[in-house]
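**Student:** Going letter by letter, the sequence shown gives residues 10 to 223 in the working numbering.
We treat Cβ as the ideally placed atom computed from N, Cα and C, and that holds for glycine.
Since this is a predicted model, take the numbers as computed values, not measurements.
Please find one structure pasted underneath; my questions will follow.
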Amino acid sequence: MPNYDQQRKNLVELIRHHGISDTLVLNAIEKVPRHLFIPEAYRDEAYENYPVPIGEEQTISQPYTVAFMSELLEIEPGDKVLEIGTGSGYQAAILAEMGAKVFTIERIKKLFERTSKLLKDLGYEDKIFTFYGDGTLGLPDFAPFDKIIITAATPQVPEALKKQLKTGGYLVAPVGHSFAGSQKMVRLVKKADNDFETQFFGDFVFVPLKKGTE
Ligand code: SAH
Numbered sequence: 010m011p012n013y014d015q016q017r018k019n020l021v022e023l024i025r026h027h028g029i030s031d032t033l034v035l036n037a038i039e040k041v042p043r044h045l046f047i048p049e050a051y052r053d054e055a056y057e058n059y060p061v062p063i064g065e066e067q068t069i070s071q072p073y074t075v076a077f078m079s080e081l082l083e084i085e086p087g088d089k090v091l092e093i094g095t096g097s098g099y100q101a102a103i104l105a106e107m108g109a110k111v112f113t114i115e116r117i118k119k120l121f122e123r124t125s126k127l128l129k130d131l132g133y134e135d136k137i138f139t140f141y142g143d144g145t146l147g148l149p150d151f152a153p154f155d156k157i158i159i160t161a162a163t164p165q166v167p168e169a170l171k172k173q174l175k176t177g178g179y180l181v182a183p184v185g186h187s188f189a190g191s192q193k194m195v196r197l198v199k200k201a202d203n204d205f206e207t208q209f210f211g212d213f214v215f216v217p218l219k220k221g222t223e
């Protein structure tokens, strides 16, 4: 049995080395058993710093990217966070360990079912709420959110999500076409209704945000 605890400590050091300093992020990475979010065939690669397939043509983002986006969100304990693209559930678990209450939406039924069960088995049922549906519509019944994170490439940030963000809140998303090869990490700061400041943070590669469900 590989020493996952040691691998996780090494990963935290690597991520710290790459410039992540938010202790909430680093502590969460040290705590969450990433290998359990990854199909058994790839488990040995769970703590490598690259994306890994999770089935249904989707991937779990590389650990550094999860850490980077989590840091950009500047999570404060008690924040209500909306995530678009549950995937493996790893990003949601990191945010929950940072103290957020997470509402997360997935459009692929199989992933939604598998991940909902995993998160429940790991004891996250009162911190992470999973939804099956098209995340571009957000969750109007639970809005507004302190923070919103989109974990798939989108040419534009959907208007519904901008509306569901609290004034003063942050929305983090990889913006650009998925076929372009890479996207710009963007943070929108909501100044007032229809008034957003846009900040840019380098290039990242994501699977596409798609409409509808399957
Ligand atoms: N946050 C995930 C990353 C998964 S990759 C993790 O930690 O593992 C992106 C995910 O977004 C995929 O599972 C994909 O099916 C999902 N997705 C794409 N478009 C979506 C949409 N419109 N609504 C909800 N989920 C979507």
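Runs of 3 residues minimum, wholly inside the region 96-148: which ones carry the beta strand (DSSP E) assignment?
**Tutor:** 110-115 and 137-141
**Student:** Is I159 helix, strand or coil by DSSP?
**Tutor:** strand
**Student:** In chain order, what are the residue ranges of uninterrupted alpha helix (DSSP H) at least 4 long that sit wholly in the region 52-84?
**Tutor:** 72-81
**Student:** Spatial neighbours of P217 within its chain, please: C-beta separation below 7 Å, excluding the five flanking residues on both sides.
**Tutor:** A161, A162 and S187
**Student:** Note the first and the last residue of the continuous alpha helix (DSSP H) segment covering E223.
**Tutor:** No alpha helix (DSSP H) holds E223; DSSP gives it neither H nor E.
**Student:** Here's the rule I'm using: 16 or more other beta-carbon atoms within 10 Å means buried, otherwise exposed. How should P167 be labelled?
**Tutor:** Around the C-beta of P167, 16 or more other C-beta atoms lie within 10 Å, and the residue is accordingly described as buried.
**Student:** Given A102, which residues of its chain have a CB within under 6 Å of its CB, disregarding the five upstream and five downstream residues?
**Tutor:** V41
**Student:** CB of L120 to nearest heavy atom of the ligand SAH: below 6 Å?
**Tutor:** yes
**Student:** Leaving out the 5 sequence neighbours to the left and right, which residues in its chain are closer than 7 Å to E39 when beta-carbon positions are compared?
**Tutor:** Same-chain partners within the cutoff: R17, K18 and V21.
**Student:** DSSP three-state call for V34: helix, strand or coil?
**Tutor:** helix
**Student:** Within 10 angstroms of its Cβ, does Q208 collect 16 or more other Cβ (buried), or is it exposed?
**Tutor:** In summary, Q208 is exposed, with fewer than 16 beta-carbon neighbours lying within 10 Å of its beta-carbon over all protein chains present.
**Student:** In or out: G94 buried (at least 16 other Cβ within 10 Å) or exposed?
**Tutor:** buried
**Student:** DSSP three-state call for A152: helix, strand or coil?
**Tutor:** coil
**Student:** Taking 6 Å as the cut-off, is the beta-carbon of L218 closer than that to any non-hydrogen atom of the ligand SAH?
**Tutor:** Correct: L218 has its Cβ closer than 6 Å to the ligand SAH.
**Student:** Would DSSP call F215 helix, strand or coil?
**Tutor:** coil
**Student:** Would you say the beta carbon of R116 comes nearer than 6 Å to a heavy atom of the ligand SAH?
**Tutor:** Yes, Cβ of R116 sits closer than 6 Å to a heavy atom of the ligand SAH.
**Student:** So L20 is in the alpha helix (DSSP H); what residue range does that whole segment cover?
**Tutor:** Y13 to H26
**Student:** Alpha carbon to alpha carbon, what distance is there between A169 and N36?
**Tutor:** Near 32 Å, if we compare the C-alpha coordinates of A169 and N36.
**Student:** Is any non-hydrogen atom of the ligand SAH found closer than 6 Å to the C-beta of Q173, if you look at the structure I gave you?
**Tutor:** no
**Student:** Can you give the Cα-Cα distance for A56 and Y13, rounded to whole angstroms?
**Tutor:** Looking at the sequence shown, residue 56 is not Ala but Tyr. About 8 Å.
**Student:** Are the beta-carbon atoms belonging to K175 and D155 less than 7 Å from one another?
**Tutor:** yes
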